[in-house]
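One structure is given here, and the rest of the page talks about it.
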Amino acid sequence: MALLGLATATAACSGGTTDKSGGSGGGGGLFTTIDVNRPGLDASAPANPWHPKGNSFLGYNAMKLGWVKNHVTDPNQFYPAIAEKWEIAEDNSAITIHLQPNAKWSDGKPVTAEDVKLSIGIAYTQGSTAFAITPGAAGAAADVEVVDDRTIKVTQDMSNPSSKFARGVLDSIIVPAHVWNSVLPADFWEKLKTSRGTGDGAEKAREEVLAVGQKVLAFKPPQDVSAGPFTLERVNPGEALLLKNKNFFNAANVAPDQVKFLNYSGNEQIWNYLTAGKLDQSGFVAAPTDVMNRIKQAPGSHLIKGFSPVAVGMAFNQSKKPYDNVHVRRGLAYLIDRQQVTKVASPEGGTAAVTTSGIHQKPAQEWIGSDLSSLEPYAHDVAKAEAEFKEAGLQKKNGKWALADGSPWKVTMHAPSGFSDWISAQENIKSQLIENGVDAEVVTVADYPIYLEEIDAGKYDVGFWLMALGPAPYDIFQRLYGASNGWTNVAGKVKHSPAGKAGNWMGSSEEIDVEGVGKINPGELTAKLNAASAEEAKPIMSQLAKAANQDLPAIQLWDYVNTQFTNTSRFTGWPEQDSDLLRLPAGVWIQLGLVKKKQ
1 MALLGLATAT AACSGGTTDK SGGSGGGGGL FTTIDVNRPG LDASAPANPW HPKGNSFLGY
61 NAMKLGWVKN HVTDPNQFYP AIAEKWEIAE DNSAITIHLQ PNAKWSDGKP VTAEDVKLSI
121 GIAYTQGSTA FAITPGAAGA AADVEVVDDR TIKVTQDMSN PSSKFARGVL DSIIVPAHVW
181 NSVLPADFWE KLKTSRGTGD GAEKAREEVL AVGQKVLAFK PPQDVSAGPF TLERVNPGEA
241 LLLKNKNFFN AANVAPDQVK FLNYSGNEQI WNYLTAGKLD QSGFVAAPTD VMNRIKQAPG
301 SHLIKGFSPV AVGMAFNQSK KPYDNVHVRR GLAYLIDRQQ VTKVASPEGG TAAVTTSGIH
361 QKPAQEWIGS DLSSLEPYAH DVAKAEAEFK EAGLQKKNGK WALADGSPWK VTMHAPSGFS
421 DWISAQENIK SQLIENGVDA EVVTVADYPI YLEEIDAGKY DVGFWLMALG PAPYDIFQRL
481 YGASNGWTNV AGKVKHSPAG KAGNWMGSSE EIDVEGVGKI NPGELTAKLN AASAEEAKPI
541 MSQLAKAANQ DLPAIQLWDY VNTQFTNTSR FTGWPEQDSD LLRLPAGVWI QLGLVKKKQ
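Position 323, counted from 1, in the sequence shown is what full-length UniProt numbering calls 323; the numbers after and before it change by one each time, with no gaps.
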């Protein structure tokens with residue numbers, strides 16, 4: 001979420017220079033960056049990748065089995081990391097992983113399959129992806145087998161398979177067993193096996209496994225032992241310093257000798273770093289046009305853009321009037337000029353949505369083809385908006401729209417403080433609505449966790465909601481037709497909860513009569529995507545896109561563009577425009593040997 005608009009966190013302090021090469025930009029051997037996923041450095045936090053504020057930086061001193069490629073439609077494509085190669089069974093029932101033959105930890109000990117098995121055990125305690133302990137969870141691992149020192153095989157529970165099983169396994173963080181083995185009890189794997197069953201014994205075992213997770217979060221390694229290109233040297237409130245790991249298997253191609261992560265507390269501080277040319281790289285940060293122009297003018301400033309499989313929608317709580325009426329939602333879709341909103345809120349980081357389909361417009365072409373052009377575009381049209389409002393029974397008095405019973409109507413939109421693109425968008429929408437007789441206001445919430453808690457509790461009429469989260473088809477549509485809209489998928493069985501219950505804050509109808517399709521249950525269709533092949537998914541995606549377009553649980557405002565900020569003054573070899581590396585941390589670019597010192 002922080003990649004899209006950064007939330008405020010711990011206040012920044014101005015730490016002194018800790019590198020030996022000097023200079024605000026760092027010189028040839030020092031690579032200076034920020035962690036866009038986490039504002040605020042915590043000097044007391046451990047080098048623990050599961051700790052919420054741990055000084056563990058993905059791609060730098062924290063390593064995974066593989067690095068996810070930013071593919072438009074296939075979720076199971078990866079770059080090698082600790083895993084050199086792998087084989088996925090034809091029926092997706094298992095993945096066999098072969099580790100890098102020369103992989104070592106920074107203390108010189110080899111990376112082994114036992115390290116991977118222990119790391120998978122830790123993943124179970126966190127309930128993550130393929131390693132969920134919920135009985136019947138889709139894509140859950142059924143067995144973990146150490147084949148030899150450098151090979152491990154993980155099988156899927158095929159009673160409820162997921163097409164993303166391989167992704168869930170390869171996307172796992174790996175830590176050294178000789179440092180971390182104390183966090184798992186001796187009988188952990190027996191408890192895990194028991195937890196997969198039913199009855200009181202299984203429930204007790206599940207509780208015990210999850211209780212280990214608290215021990216994992218609190219664990220403080222005595223030193224940072226990394227299989228990545230760098231190890232943590234020290235951290236203060238202003239910056240974290242990492243040094244090159246000479247035992248990294250591809251160390252010969254790692255250009256920087258040191259990496260510095262600068263502290264920040266919000267977007268404005270990152271803007272200042274970029275404007276001053278202090279950062280060699282920064283992931284996407286929302287910035288208005290004038291700030292973006294200043295950043296572009298900084299010496300060596302270089303922007304790289306690529307596909308980002310996510311969109312932002314203006315979502316409705318249909319349990320609250322008048323948003324239960326589809327004609328009100330359609331009227332707002334016609335009334336809001338998405339081009340104008342995008343230009344104001346995300347000029348470099350987004351493109352106005354061509355329509356509401358629930359799918360980012362780039363993969364939409366792959367998934368639904370010509371059906372995309374048949375969807376209602378909801379182009380800005382005040383006359384059509386007024387016709388929809390009248391169809392809904394709204395009244396217009398003295399140039400202002402009121403509810404059907406004559407009582408005042410105000411569109412109240414919520415956004416988390418610090419999410420500058422969302423807030424700018426809502427302020428622009430507010431102006432557009434007021435100009436056309438719809439009263440509106442913007443309310444900011446203290447931070448993103450509170451925002452999620454309150455929207456989940458059904459406290460908002462209208463909120464911004466991330467949608468179209470690809471590349472997996474199930475992930476794309478579960479944002480519209482998943483738990484937040486009443487549908488939960490447990491053990492392959494779909495259950496629907498009424499509005500206001502079990503986190504259902506959107507409150508769509510359980511069944512929708514879609515023109516040209518007929519009556520569908522969108523939650524059940526979405527659940528089918530979890531195990532569907534790409535070809536099986538396409539007709540389902542088409543039906544769901546038509547449902548989203550007709551029923552509008554959310555108005556798709558803009559599709560994000562992944563904009564990376566880099567600087568050519570000290571380093572070269574940055575990924576090309578539209579590279580599928582752009583959603584990966586720059587540490588991955590470095591460890592793959594792309595980034596070079598400028599001669």
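The beta-carbon is built from N, C-alpha and C at its ideal position, and this holds for glycine as well. Every value quoted in this text rests on a predicted model; they were computed, and no experiment measured them.
* Given a threshold of 16 other Cβ atoms within 10 Å of its Cβ, counted over all protein chains shown, does ILE450 qualify as buried or as exposed? -> Residue numbering aside, residue 450 sits at position 450 when the sequence shown is read from its first letter. So ILE450 counts as exposed.
* Under 8 Å, do ASN317 and TRP505 count as touching if we go by C-beta distance? -> Along the sequence shown, read from residue 1 onward, the residue named residue 317 stands at position 317. Along the sequence shown, read from residue 1 onward, the residue named residue 505 stands at position 505. Yes, the pair counts as a contact, with Cβ atoms nearer than the cut-off.
* Assumed close pair VAL254, ASN267 - CB separation to whole angstroms, cut-off 8 Å -> Looking up residue 254 in the sequence shown gives position 254. Looking up residue 267 in the sequence shown gives position 267. About 30 Å separates the two Cβ atoms, so there is no contact after all.
* Specify whether the segment 387 to 402 and the segment 320 to 331 touch according to this definition: at least 3 beta carbon pairs, one from each stretch, less than 8 Å apart. => Counting Cβ pairs under 8 Å, three or more are found: they touch.
* Work out the CA separation of VAL595 and ILE423 for me, nearest whole Å. => Looking up residue 423 in the sequence shown gives position 423. Looking up residue 595 in the sequence shown gives position 595. If I take the Cα positions, the gap works out to 35 Å.
* Asked: Does the ligand FMN have even one heavy atom less than 7 Å from the beta-carbon of ILE34?
  -> Looking for the ligand FMN in the displayed structure turns up nothing, as the structure carries no ligands at all.
* Nearest CA to the CA of LEU232: which residue from SER357, PHE261, ASN530, TYR378? -> On the sequence shown, position 232 is the one that residue 232 refers to. Cα-wise, what sits closest to LEU232 is PHE261.
* Asked: Buried or exposed: which applies to SER357, given that a residue is buried once 16 or more other Cβ atoms fall within 10 Å of its Cβ?
  -> Translated into positions along the sequence shown, residue 357 becomes position 357. SER357 is buried by the Cβ-count criterion.
* Asked: Who are the near neighbours of GLY23 in its chain, counting only those whose CB is closer than 7 Å to its CB and skipping five residues on each side?
  -> Residue numbering aside, residue 23 sits at position 23 when the sequence shown is read from its first letter. Caution is warranted here: a pLDDT of 36 is assigned to GLY23, below 50, making its placement in the model unreliable, and no coordinate value can be reported.
* To do: Would you mind working out which of ALA287, PRO347, ILE434, VAL445 sits nearest ILE336, comparing C-alpha positions?
  => To locate residue 336, count along the sequence shown from 1; it is residue 336. Among ALA287, PRO347, ILE434, VAL445, the Cα nearest to that of ILE336 belongs to ILE434.
* To do: Pick helix, strand or coil for TYR323, following the three-state DSSP scheme.
  => By 1-based counting over the sequence shown, the position of residue 323 is 323. Of the three classes helix, strand and coil, the one that applies to TYR323 here is coil, per DSSP.
* Asked: Under the three-state reduction of DSSP, which class applies to HIS178: helix, strand or coil?
  -> Position 178 of the sequence shown, counting from 1, holds the residue named residue 178. Note: HIS178 maps to helix in three-state DSSP.
* From GLU203, LEU217, ALA62, ASN263, residue whose alpha carbon lies closest to that of ASP42 -> Taking the first residue of the sequence shown as position 1, residue 42 is located at position 42. Closest option to ASP42, Cα to Cα, is ASN263.
* **Of the listed residues GLN258, GLY127, TRP271, ALA141, nearest to ARG570 (C-alpha basis)** => As a position in the sequence shown, residue 570 is number 570, starting the count at 1. Among GLN258, GLY127, TRP271, ALA141, the Cα nearest to that of ARG570 is on GLN258.
* To do: Starting from the C-beta of LEU582, find all residues in its chain whose C-beta is less than 7 Å away, skip the five residues before and the five after it, and write them out in chain order.
  => Counting from one through the sequence shown, the residue named residue 582 turns up at place 582. Apart from the 5 residues on each side of it in sequence, LEU582 sits with its Cβ closer than 7 Å to the Cβ of ASN70, ILE304, GLY306, ASN562, GLN564, PRO575 in its chain, given in chain order.
* To do: In the DSSP assignment, find the unbroken alpha helix (DSSP H) run with LYS362 in it and report its ends.
  => Position 362 of the sequence shown, counted from the start, is the residue given in the question as residue 362. Residues 361 to 368.
* Asked: In the DSSP assignment, what are the bridge partners of SER301?
  -> Position 301 of the sequence shown, counted from the first residue, corresponds to residue 301. Paired residues: ASN567.
* To do: Using a threshold of 8 Å, state whether the C-beta atoms of THR96 and GLU90 are closer than that.
  => For the purposes of this step, residue 96 is identified with residue 96 of the sequence shown, where counting begins at 1. For the purposes of this step, residue 90 is identified with residue 90 of the sequence shown, where counting begins at 1. No, Cβ-Cβ distance for THR96 and GLU90 is not below 8 Å.
* **Between the CA atoms of HIS380 and LYS397 - distance to the nearest angstrom** => The sequence position of residue 397 within the sequence shown is 397, counting from 1. The sequence position of residue 380 within the sequence shown is 380, counting from 1. One C-alpha to the other measures close to 23 Å.
* Asked: Can the beta-carbon of SER370 be found less than 8 Å from the beta-carbon of TRP558?
  -> Walking along the sequence shown from the start, residue 370 turns up at place 370. Walking along the sequence shown from the start, residue 558 turns up at place 558. In this structure, SER370 keeps its C-beta atom at 8 Å or more from the C-beta atom of TRP558.
* **Pairwise C-alpha distance: ALA315 and VAL344** => The residue labelled residue 344 in the question sits at position 344 within the sequence shown. The residue labelled residue 315 in the question sits at position 315 within the sequence shown. Going by the C-alpha atoms only, they are around 19 Å apart.
* With DSSP run on the structure shown, which of helix, strand or coil describes GLY283? -> Locating residue 283 in the sequence shown gives position 283, counting from the first residue. Here GLY283 sits in coil by DSSP.
* Whole angstroms is fine: what's the gap from GLY26's alpha carbon to ALA166's? => The sequence position of residue 26 within the sequence shown is 26, counting from 1. The sequence position of residue 166 within the sequence shown is 166, counting from 1. For GLY26, the pLDDT reaches just 39, beneath the cut-off of 50, and the residue's location in the model is therefore unreliable, leaving the point undetermined.
* Asked: Three or more beta-carbon pairs under 8 Å between the segment 148 to 156 and the segment 537 to 547, yes or no?
  -> Judged by Cβ distances under 8 Å, the segment 148 to 156 makes no contact with the segment 537 to 547, as fewer than three pairs qualify.
* To do: Can you give me the Cβ contacts of VAL445 inside the same chain, cut-off strictly under 8 Å, excluding the 5 residues immediately before and after it?
  => In the sequence shown, residue 445 corresponds to position 445, counting from 1. So the list reads HIS414, ALA415, PRO416, SER417, TYR451, GLU454, once near-sequence residues are dropped.
* To do: Report yes if the C-beta distance between GLU84 and ALA177 is below 8 Å; otherwise report no.
  => Sequence index remark: in the sequence shown, residue 84 carries index 84 (1-based). Sequence index remark: in the sequence shown, residue 177 carries index 177 (1-based). Cβ atoms of GLU84 and ALA177: not closer than 8 Å.
* To do: Could you tell me whether the Cβ of THR566 comes closer than 8 Å to any Cβ of chain C?
  => Here there is only one protein chain, and chain C is not present.
* Asked: Which residues bound the beta strand (DSSP E) around ASN236?
  -> For the purposes of this step, residue 236 is taken as the residue at position 236 of the sequence shown. Looking at the DSSP string, the run of the beta strand (DSSP E) that includes ASN236 is 230 to 236.
* Taking the alpha carbon of PRO229 as the point to measure from, which residue in PHE57, LEU480, ASN521 has its own alpha carbon closest? -> As a first step, residue 229 must be located in the sequence shown, where it is residue number 229. Comparing Cα positions, the closest option is PHE57.
* Asked: Do you know how far the Cα of THR412 is from the Cα of GLY108?
  -> Position 108 of the sequence shown, counting from 1, holds the residue named residue 108. Position 412 of the sequence shown, counting from 1, holds the residue named residue 412. C-alpha separation (whole angstroms): 58 Å.
* To do: Determine the contact status of THR33 and ALA586, defining contact as a CB-CB distance below 8 Å.
  => Here residue 33 refers to the residue found at position 33 when the sequence shown is read from its first residue. Here residue 586 refers to the residue found at position 586 when the sequence shown is read from its first residue. The answer is yes: Cβ separation under 8 Å.
* **Exposed unless 16 or more other CB atoms sit within 10 angstroms - verdict on ASN37** => Residue numbering aside, residue 37 sits at position 37 when the sequence shown is read from its first letter. ASN37 comes out exposed.
* Distance between beta carbons of ILE555 and ALA468, contact taken as under 8 Å -> Working through the sequence shown from its first residue, we reach residue 468 at position 468. Working through the sequence shown from its first residue, we reach residue 555 at position 555. About 13 Å; that fails the 8 Å criterion.
* **Burial state of ALA385, where buried means 16 or more other Cβ atoms lie within 10 Å** => Reading the sequence shown from its first residue, position 385 is the one you call residue 385. It counts as buried.
* For the 8 Å Cβ check, are there 3 or more pairs between the segment 457 to 474 and the segment 517 to 524? -> no
* **Extent of the continuous beta strand (DSSP E) to which MET506 belongs** => For the purposes of this step, residue 506 is taken as the residue at position 506 of the sequence shown. Per DSSP, MET506 belongs to no beta strand (DSSP E) and is neither H nor E.
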